[in-house]
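Those protein sequence lines, which keep their order, are chains A and B.
For the first sequence, the numbering used here assigns the number 1 to the initial residue and increments by one for each residue that follows.
For the second sequence, the numbering used here assigns the number 1001 to the initial residue and increments by one for each residue that follows.
Note sheet for the following structure.
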Amino acid sequence: MTAPKTLYDKIWDAHVAHTSEDGTCLLYIDRHLVHEVTSPQAFEGLRMANRTVRAPEKTIAVPDHNVPTTLDRAKGIDNEESRIQVESLDKNAKDFGIHYYPVSDVRQGIVHIVGPEQGWTLPGMTVVCGDSHTATHGAFGALAHGIGTSEVEHVLATQTLIQKKSKNMKVEITGQLRPGVTAKDITLSVIGETGTAGGTGYVIEYCGQAIRDLSMEGRMTVCNMAIEGGARAGLIAPDEKTFEYCKGRAHAPKGAAWEAALAYWKTLFSDDGAHFDKVVTIKGEDIAPVVTWGTSPEDVLPITASVPAPSDFDGGKVDAVARSLEYMGLNSGTPLSEVEIDTVFIGSCTNGRIEDLRAAAEILKGKKIKDGMRAMVVPGSGLVRAQAEEEGLADIFLEAGFEWRLAGCSMCLAMNPDQLAPGERCAATSNRNFEGRQGRGGRTHLMSPAMAAAAAVTGKLTDVRELI
Amino acid sequence: MDKFEKLSGVAAPMPLINIDTDMIIPKVFLKTIKRSGLGVNLFDEMRYDDDRAEIPDFVLNKAQYRNAEILVAGDNFGCGSSREHAPWAIKDFGIRCIISTSFADIFYNNCFKNGVLPIILPQEQVDALMKDAEKGSNARIEIDLADQTVTSSDGDVYSFEVDAFKKHCLLNGLDDIGLTMEKVGSIDNYEAQLSSERPWV
Ligand code: SF4
């Protein structure tokens, strides 16, 4: 009998195309996703070396980071550099013959939302993208990691990546979540527990009843932030929900191929007794709705807590906390629920899917946002937007006073005009609260879509449980 | 790619943990379609004020560190976004080596692809080198990749670990893609097998 394997072991073993004496492997890549910011130099490198894309049929490109999300975007991009990047992608996609969803296509959206939506991401695959949040695709039981531009060029040219195997970590969320607690609260709480470097050198497999109970959208939210915990990738074993989600998608297999794929996918789980190098267990019942208070995603506390003091920490974190409280304009001891905000951003590859918009709309139904609040919803893709309109969610947002935008990364990283001004404070459903992330001097508090919607109504960080 | 063999240079101290790639190179500079010219914007928001004047307190603006070739930094350097613009900016500024207790994974890999050597040392040794770096431009730290050693200005020698393949590529300035292309037969075989075993891929 062969030794029990983890899910990661199984996917890894199925993709090794070559092993060198020192254990360095060439890992075969099944899907390569490409966006406009991290790819121009890679395509340029190919051209200079007279190389082609080895597997254009496995390479999918979509512009997302730079694109305007205002309704008039068909008129073009004002910022010259942004425009050049998007035009470069248009040209590279055409020249190298890869699949492409241009800005004008209703299927355009954030790369990590488009991949699963179009059935490109499937269980058991290896997926890479020049973007750290590629971890998102792990929700399907696909080994998905972010890579740098040199590696993008390497995958374009060879359809492989030079890799050494990571260690296995199991993160188990047992039991059930309490009302008002979501996938975002799980993933933030895990990072709060393990720290932003806790996952360095590991691939995390999330499991346990609370994970099984999540929808595919929720699982994507959890895996999306694996990278914020330092992990190389996050994984969730595929199950009936996964198969149901994939079935019938444009690029998912059909007919006999579907049956063959399904039979294989059902073998993708960690065997009993498989070895994990590290195990973290959290009780689902213990997770509260959380927000971040600092400038690192590990700066997480339940909304019922107060702003901490530097002296609550040890080592290098003491200075880091002092610096981040100053940047965030917060005083130790202030209850988080008294922190006033002026901007709300609902969107991103963490929380820009239909379920996220439903959760936010549920809170906003029949309510108005606080006077003077700037609030926007940026759907993760054109198809999410269309579905939300069909379900009447768009009307709820508009009536509440939100802006209803076109798809893109938008204020998640503020490369397009959607930015915070210095000192502005934002309740955001994205994944990073770094200094300047949403605009120079801007202050970001990360939270779930329901919590962000609640904050829009009250004008303060708010415990969503008070509104449900 | 540029080779990295030995380096003797001034080290700039940055005793801050979790220095993320947004700090190293803010996103406004990601709009380029080139790899070069990013050095002037390295640590841009920490380095310049709103009027684009240099902030005198920032370490790389101080006379003794303007030509620093080494950075000594706190835990988890390079976390956050996968942007290779971070090592491009570091290299373009003239820094060839970063010493810390830990690095984020993608950033760590990206460094090797660009002739920049990230060195992981235990906390006490990073603390000692941080103190050494604080002495300014007279204190030169020496790095020897072949021997895998860091030598402080006082002559203390610390050994570091580095993956043999990455070391080999960096010492010889080898291009990964060229090396992989030599194994194209294995990739062809793999693809042939793939089309029978998992044809839906
Ligand atoms: S939404 Fe944000 S995190 Fe996601 S791909 Fe876009 S910029 Fe990156």
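Just so you know, even glycine gets a beta-carbon here, dropped at the ideal spot from N, CA and C.
Would you give the residue range spanned by the beta strand (DSSP E) that residue i belongs to?
{"i": "Ile1025/B", "result": "Per DSSP, Ile1025/B belongs to no beta strand (DSSP E) and is neither H nor E."}
{"i": "Gln163/A", "result": "Thr160 to Gln163"}
{"i": "Met169/A", "result": "Lys167 to Thr174"}
{"i": "Leu27/A", "result": "Cys25 to Tyr28"}
{"i": "Cys426/A", "result": "Arg425 to Ala428"}
{"i": "Val16/A", "result": "Val16 to Thr19"}
{"i": "Ile1120/B", "result": "Leu1117 to Ile1120"}
{"i": "Tyr1190/B", "result": "No beta strand (DSSP E) holds Tyr1190/B; the alpha helix (DSSP H) holding it covers Val1184 to Glu1197."}
{"i": "Gly234/A", "result": "Ala233 to Leu235"}
{"i": "Glu217/A", "result": "Looking at the DSSP string, Glu217/A is not in any beta strand (DSSP E); the run it does join, the alpha helix (DSSP H), is Met216 to Asn224."}
{"i": "Val1157/B", "result": "Val1157 to Ser1159"}
{"i": "Ile227/A", "result": "It is not in any beta strand (DSSP E) - Ile227/A carries neither H nor E in the DSSP assignment."}
{"i": "Cys31/A", "result": "Rather than Cys, the amino acid found at residue 31/A in this sequence is Arg. Its beta strand (DSSP E) spans residues Arg31 to Val34."}
{"i": "Ala421/A", "result": "Premise fails: Ala421/A is in no beta strand (DSSP E) and is neither H nor E."}
Tell me whether residue i sits in a helix, a strand or coil according to DSSP, three-state version.
{"i": "Tyr101/A", "result": "coil"}
{"i": "Thr200/A", "result": "coil"}
{"i": "Glu355/A", "result": "helix"}
{"i": "Ser189/A", "result": "helix"}
{"i": "Ala407/A", "result": "coil"}
{"i": "Val67/A", "result": "coil"}
{"i": "Asp1132/B", "result": "helix"}
{"i": "Asn1018/B", "result": "coil"}
{"i": "Phe1058/B", "result": "coil"}
{"i": "Arg465/A", "result": "helix"}
{"i": "Phe1112/B", "result": "helix"}
{"i": "Pro40/A", "result": "helix"}
{"i": "Leu156/A", "result": "helix"}
{"i": "Phe397/A", "result": "helix"}
{"i": "Arg1066/B", "result": "coil"}
{"i": "Asp271/A", "result": "coil"}
{"i": "Lys1006/B", "result": "strand"}
{"i": "Met373/A", "result": "coil"}
{"i": "Arg443/A", "result": "strand"}
{"i": "Phe1103/B", "result": "strand"}
{"i": "Trp46/A", "result": "Residue 46/A is actually Leu in this sequence, not Trp. Leu46/A: helix per DSSP, three-state reduction."}
{"i": "Glu1142/B", "result": "strand"}
{"i": "Lys266/A", "result": "coil"}
{"i": "Pro379/A", "result": "coil"}
Under 7 Å between C-beta atoms, does residue i make it to chain B?
{"i": "Phe434/A", "result": "yes"}
{"i": "Pro253/A", "result": "yes"}
{"i": "Gln41/A", "result": "yes"}
{"i": "Leu413/A", "result": "yes"}
{"i": "Ala157/A", "result": "yes"}
{"i": "Val67/A", "result": "no"}
{"i": "Asp22/A", "result": "yes"}
{"i": "Arg437/A", "result": "yes"}
{"i": "Tyr8/A", "result": "no"}
{"i": "Arg47/A", "result": "no"}
{"i": "Gln163/A", "result": "no"}
{"i": "His32/A", "result": "no"}
Span of the alpha helix (DSSP H) holding residue i?
{"i": "Leu383/A", "result": "Gly382 to Glu390"}
{"i": "Ser1100/B", "result": "Per DSSP, Ser1100/B belongs to no alpha helix (DSSP H); it is in the beta strand (DSSP E), Cys1097 to Ser1100."}
{"i": "Ile11/A", "result": "Leu7 to Asp13"}
{"i": "Thr1180/B", "result": "Asp1176 to Met1181"}
{"i": "Tyr245/A", "result": "Glu240 to Cys246"}
{"i": "Ile1033/B", "result": "From DSSP, Ile1033/B is part of no alpha helix (DSSP H); its letter is neither H nor E."}
{"i": "Leu413/A", "result": "Where Leu413/A is concerned, there is no enclosing alpha helix (DSSP H), given that its DSSP letter is neither H nor E."}
{"i": "Thr458/A", "result": "Pro449 to Thr458"}
Would you please verify whether the beta carbon of residue i is less than 7 Å from any beta carbon of chain A?
{"i": "Phe1126/B", "result": "In the sequence under discussion, the amino acid at residue 1126/B is Val, which differs from the Phe named in the question. Output row for Val1126/B: interface = no."}
{"i": "Thr1151/B", "result": "no"}
{"i": "Gly1039/B", "result": "no"}
{"i": "Arg1140/B", "result": "no"}
{"i": "Leu1060/B", "result": "no"}
{"i": "Cys1079/B", "result": "yes"}
{"i": "Ser1196/B", "result": "no"}
{"i": "Val1010/B", "result": "no"}
{"i": "Asp1020/B", "result": "yes"}
{"i": "Val1072/B", "result": "no"}
{"i": "Ala1164/B", "result": "yes"}
{"i": "Glu1084/B", "result": "yes"}
{"i": "Glu1045/B", "result": "yes"}
Is there a C-beta anywhere in chain D that falls below 7 Å from the one on residue i?
{"i": "Ile1119/B", "result": "Any reference to chain D falls outside this structure, whose protein chains are A and B."}
Which ranges would you report for the beta strand (DSSP E) in the segment 282-359 of chain A if only whole runs of at least 3 residues count? You should have 290-292, 300-302 and 343-346.
Extract the residue ranges of the alpha helix (DSSP H) inside the segment 67-151 of chain A, only unbroken runs of 4 or more that lie entirely within it. 80-96 and 111-117
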